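Engineer: Here it is, the structure, as structure tokens.
Chains as they are written, first to last, in my numbering: chain A, 1 to 496; chain B, 497 to 638.
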């Protein structure tokens, strides 16, 4: 029940949102339910510290036969950050998203995403994971296209098709894996693979299909093109939600998948993961530096940042996995906040083109500082969270003997800084170009809740930098659990 | 459209199909059938009815908005998921009641039936809301 409640909360909201007609009540309920979700996720942290891995068997059917919900420290951390970001984005959306969209079910579908994301973080069964991916994707398809602007529909077509292809790969892989091993429970599969260690090549077609599916969802190097084509089209509150949660679910699944299955065949997979991570990192950051749209730059940076997590996964030591988890959390917070600031700029000026923007720091120093915090946290300046994230990744890389990749990460950091400085100079610092100054609508509506959300996220980023040690300790405990799949197997299947 | 034979047949068809769908729903747990299939069959009846009478008449039969029906369906699912929790079982556990009733004989009733009823109502509501929207866009109200 402890874990099930995280599915129940969004589900109850979905039910109520269908039954209630008034948009105002739905908005209040959305805030209430996202708060509940946050509180519940916070309550999970001490429980998981005490019980290490929480397992719930749905319907009372024991593990390899029924559906299990499993949450170890890593899952719980992800659930907590998700709940935090989701709560703030819901508060933000009450002022950022226009009334027509809110009336047509904006909150309804964001809760659909929440349910899918929560479910994927807890899924203890491969097919169940697929189903939660679908729940998440269905809602995101609608959110991308909700409102029906021309640009939005163009973006949503690309988003829809590429993600459907990734689902196809994923479910085809699941089918092959089931045909070979006769089980879909993650713990059971991992145990069976350990027994079949000598003949793992038989499973490669299935594993590769699933791996490609996750890589498309997580926007890794050869499969990232859908992300920058679609993330800048929906309203800013929606792209912030996507940037903060959706690709990270793909990466979470990849980490889970790697630590439970792929590492048995590490000789092959480690190289693949390292190359894909390194190339995503480099290509994402170079592509970003050629863009002139606020949100497009940030979208390309998602790809580059995801690369850091994936190379850390490729190093595959305890320190590296600690770094990967820490970096993932940092990235969710910083990236979301950068998108929230972009949402404010969009609201004030009606455009996100860097060439015509300017003088925003003079307009509101608070928002300027908030952007500064999140952007330079992404670039990795101390004492913000990004510095410790990058530091941990680099250190673990050098310790594991991958100095070249670690140096590459350092080099990419420089380019990230360049892009962030570019946004900072163009949007906040430079004088607004004279010729475009008159056309912009002046927005007088209040934005205090938007500011509240962004302030809370900014505080979280700074706090994560200041209290990096206890958080890294927690991440280390999570990494130890990830490196020890037999513990996971024992908790899910029961002591053998 | 004024064709009395067609109208009578459509009405009869709807009633027959509705009965059939409930039958499919009830036999669902151990035999082929179930809430999803039942709902699709029910929707077929409504589509025939709508093609002849227009979507306004479907809405009149439904009484509530389709959105509300979907909500009610989810409510049933929620009930079936949470009920076992209050009795100390894992969520979604099937709880069964077996009794000997006069006339009906021995019957088994359980929370899976509640769950399936929720699916039935929810899916039927969803399909009908799609159909009604399409009919309204096409202005199919003869």
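Each residue gets a CB set at the ideal place from its N, CA and C atoms; glycine is no exception.
Bear in mind that the values here come from a model prediction, so they are computed numbers and not experimental data.
Just checking: is the beta-carbon of residue 12(A) within a distance shorter than 9 angstroms of some beta-carbon in chain B?
Structural biologist: Stepping through the first chain from its first residue, residue 12(A) is reached at position 12. Closer than 9 angstroms to some Cβ of chain B, the Cβ of residue 12(A) qualifies, so yes.
Engineer: With 7 angstroms as the C-beta to C-beta threshold (strictly closer), list the residues of the region 257-286 of chain A near chain B in chain order.
Structural biologist: Listed by position, the residues of the region 257-286 of chain A near chain B (Cβ gap below 7 angstroms) amount to none.
Engineer: Following the continuous beta strand (DSSP E) through residue 68(A), name the residue where it begins and the one where it ends.
Structural biologist: Counting from 1 along the first chain, the entry for residue 68(A) is found at position 68. 68-71 is the extent of the beta strand (DSSP E) around residue 68(A).
Engineer: Would you say residue 47(A) and residue 124(A) are within 9 angstroms of each other, going by their C-beta atoms?
Structural biologist: Here residue 47(A) is taken as the residue at index 47 of the first chain, counted from 1. Here residue 124(A) is taken as the residue at index 124 of the first chain, counted from 1. No, they are not a contact pair.
Engineer: Within this structure, are the beta carbons of residue 475(A) and residue 312(A) separated by less than 9 angstroms?
Structural biologist: Residue mapping note: residue 475(A) aligns to position 475 of the first chain, counting from 1. Residue mapping note: residue 312(A) aligns to position 312 of the first chain, counting from 1. Not in contact: residue 475(A) and residue 312(A) (Cβ atoms no closer than 9 angstroms).
Engineer: According to DSSP, is residue 401(A) helix, strand or coil?
Structural biologist: As a position in the first chain, residue 401(A) is number 401, starting the count at 1. The answer is coil: DSSP assigns residue 401(A) none of H, G, I, E or B.
Engineer: Since residue 588(B) meets chain A, which of its residues come closer than 7 angstroms, beta carbon to beta carbon?
Structural biologist: In the second chain, residue 588(B) corresponds to position 92, counting from 1. Under the 7 angstroms cutoff, chain A gives 58 and 59.
Engineer: Under the criterion of a Cβ to heavy atom distance below 8 angstroms, does residue 332(A) qualify as lining the ligand COA?
Structural biologist: The ligand COA is absent from the structure shown, which contains no ligands of any kind.
Engineer: If you follow the alpha helix (DSSP H) that residue 589(B) is part of, which residue opens it and which one closes it?
Structural biologist: Working through the second chain from its first residue, we reach residue 589(B) at position 93. From DSSP, residue 589(B) is part of no alpha helix (DSSP H); its letter is neither H nor E.
Engineer: Pull up the CB-CB distance for residue 481(A) and residue 72(A), whole angstroms please, since I reckon it's below 8 angstroms.
Structural biologist: As a working note, residue 481(A) is residue 481 in the first chain. As a working note, residue 72(A) is residue 72 in the first chain. Yes, they are in contact, since the Cβ atoms of residue 481(A) and residue 72(A) sit about 5 angstroms apart, within 8 angstroms.
Engineer: List, in chain order, every chain B residue whose beta-carbon is nearer than 9 angstroms to that of residue 122(A).
Structural biologist: For this step, residue 122(A) is matched to residue 122 along the first chain. Simply none; closest approach about 13 angstroms.
Engineer: Secondary structure at residue 604(B), three-state DSSP: helix, strand or coil?
Structural biologist: The residue you call residue 604(B) lines up with position 108 of the second chain. Reduced to three states, the DSSP call for residue 604(B) is strand.
Engineer: Compare the Cα-Cα distances from residue 110(A) to each of 99(A), 120(A), 290(A) and 93(A) and report the closest residue.
Structural biologist: The count along the first chain starts at 1 and reaches residue 110(A) at position 110. Ranking the options by Cα distance to residue 110(A), first place goes to 93(A).
Engineer: Kindly list, in the order they appear in chain A, the residues whose Cβ is closer than 8 angstroms to that of residue 564(B).
Structural biologist: Walking along the second chain from the start, residue 564(B) turns up at place 68. Within 8 angstroms Cβ-Cβ: 18 and 19.
Engineer: Do residue 150(A) and residue 232(A) come within 9 angstroms of each other at the CB atom, strictly closer than that value?
Structural biologist: Position 232 of the first chain, counting from 1, holds the residue named residue 232(A). Position 150 of the first chain, counting from 1, holds the residue named residue 150(A). No, these two residues do not count as a Cβ contact at 9 angstroms.
Engineer: What is the C-beta distance between residue 398(A) and residue 191(A), in whole angstroms, given that I count them as a contact (C-beta under 8 angstroms)?
Structural biologist: Taking the first chain and counting its residues from 1, the one referred to as residue 398(A) is at position 398. Taking the first chain and counting its residues from 1, the one referred to as residue 191(A) is at position 191. The pair is not a contact, with the Cβ atoms about 34 angstroms apart (cut-off 8 angstroms).
Engineer: Closer than 8 angstroms by beta-carbon distance: list the chain B residues that pair up with residue 15(A), in chain order.
Structural biologist: One-based indexing of the first chain puts residue 15(A) at position 15. In chain order: 567, 570, 571 and 574.
Engineer: Go to residue 427(A), then tell me how far its beta strand (DSSP E) extends in each direction, as first and last residue.
Structural biologist: Counting from one through the first chain, the residue named residue 427(A) turns up at place 427. Premise fails: residue 427(A) is in no beta strand (DSSP E) and is neither H nor E.
Engineer: Tell me whether residue 131(A) sits in a helix, a strand or coil according to DSSP, three-state version.
Structural biologist: Against the first chain, residue 131(A) aligns to sequence position 131. Reduced to three states, the DSSP call for residue 131(A) is helix.
Engineer: Assign residue 214(A) to one of two classes, buried (16 or more other C-beta atoms within 10 Å of its C-beta) or exposed (fewer than that).
Structural biologist: Looking up residue 214(A) in the first chain gives position 214. Residue 214(A) is buried by the Cβ-count criterion.
Engineer: For residue 318(A), which option in 400(A), 288(A) and 229(A) has the closest C-alpha, if you only look at C-alpha atoms?
Structural biologist: Locating residue 318(A) in the first chain gives position 318, counting from the first residue. Considering only alpha carbons, the answer is 400(A).
Engineer: Chain A beta carbons: is any one of them nearer than 9 angstroms to that of residue 620(B)?
Structural biologist: As a working note, residue 620(B) is residue 124 in the second chain. No, residue 620(B) lies away from the interface with chain A (no Cβ there is under 9 angstroms from its Cβ).
Engineer: I'd like to know whether the C-beta atoms of residue 321(A) and residue 153(A) end up nearer to each other than 9 angstroms.
Structural biologist: If you number the first chain from 1, residue 321(A) lands on position 321. If you number the first chain from 1, residue 153(A) lands on position 153. No, the pair does not count as a contact, with Cβ atoms beyond the cut-off.
Engineer: Tell me whether the beta-carbon of residue 238(A) lies closer than 9 angstroms to the beta-carbon of residue 106(A).
Structural biologist: The count along the first chain starts at 1 and reaches residue 238(A) at position 238. The count along the first chain starts at 1 and reaches residue 106(A) at position 106. Contact: yes.
Engineer: Are at least three pairs of beta-carbons, each pair with one atom in the region 607-614 of chain B and one in the region 71-90 of chain A, less than 8 angstroms apart?
Structural biologist: As far as the Cβ criterion goes, the region 607-614 of chain B does not touch the region 71-90 of chain A, which means the pair count is below three.
Engineer: Against residue 4(A), what residues of chain B qualify as contacts under a CB-to-CB distance less than 7 angstroms, listed in chain order?
Structural biologist: Taking the first residue of the first chain as position 1, residue 4(A) is located at position 4. By Cβ distance, chain B contributes 587.
Engineer: Does DSSP put residue 125(A) in a helix, in a strand, or in coil?
Structural biologist: Numbered from its first residue, the first chain carries residue 125(A) at position 125. In this structure, residue 125(A) counts as strand in the three-state DSSP scheme.
Engineer: Does any residue of chain A bring its CB to less than 9 angstroms from the CB of residue 470(B)?
Structural biologist: The first residue shown for chain B is 497 and the last is 638, placing residue 470(B) beyond what the model contains.
Engineer: With a floor of 3 residues, list each beta strand (DSSP E) that falls wholly inside the region 164-214 of chain A, ordered by position along the chain.
Structural biologist: If we require 3 residues or more, the region 164-214 of chain A turns out to have no beta strand (DSSP E) run fully inside it.
Engineer: Around the Cβ of residue 367(A), are there at least 16 other Cβ atoms within 10 angstroms (buried) or fewer (exposed)?
Structural biologist: If you number the first chain from 1, residue 367(A) lands on position 367. Looking at its Cβ environment, which holds 16 or more other Cβ atoms inside 10 Å, residue 367(A) is buried.
Engineer: If you draw a straight line from the C-alpha of residue 276(A) to the C-alpha of residue 207(A), how long is it?
Structural biologist: As a first step, residue 276(A) must be located in the first chain, where it is residue number 276. As a first step, residue 207(A) must be located in the first chain, where it is residue number 207. Answer to the nearest angstrom: the Cα atoms are 16 angstroms apart.
Engineer: Checking contacts by CB at 9 angstroms: is residue 535(B) closer than that to chain A?
Structural biologist: Reading the second chain from its first residue, position 39 is the one you call residue 535(B). So no, residue 535(B) is outside the interface.
Engineer: Quick one: does residue 577(B) have its CB under 9 angstroms from some CB of chain A?
Structural biologist: By one-based count along the second chain, residue 577(B) stands at place 81. Chain A contact via Cβ: present.
Engineer: Does the Cβ of residue 527(B) have 16 or more other Cβ atoms within 10 Å, making it buried, or fewer, making it exposed?
Structural biologist: Reading the second chain from its first residue, position 31 is the one you call residue 527(B). Result: exposed.
Engineer: Leaving aside the five residues before and after residue 385(A) along the sequence, list all residues of the same chain whose C-beta is less than 6 angstroms from its C-beta, in chain order.
Structural biologist: Taking the first chain and counting its residues from 1, the one referred to as residue 385(A) is at position 385. Hits under 6 angstroms: 330, 377, 461, 464 and 465.
Engineer: Per DSSP, residue 353(A) forms a beta bridge with which residues?
Structural biologist: If you number the first chain from 1, residue 353(A) lands on position 353. According to DSSP, which records beta bridges pairwise, residue 353(A) is partnered with 293(A).
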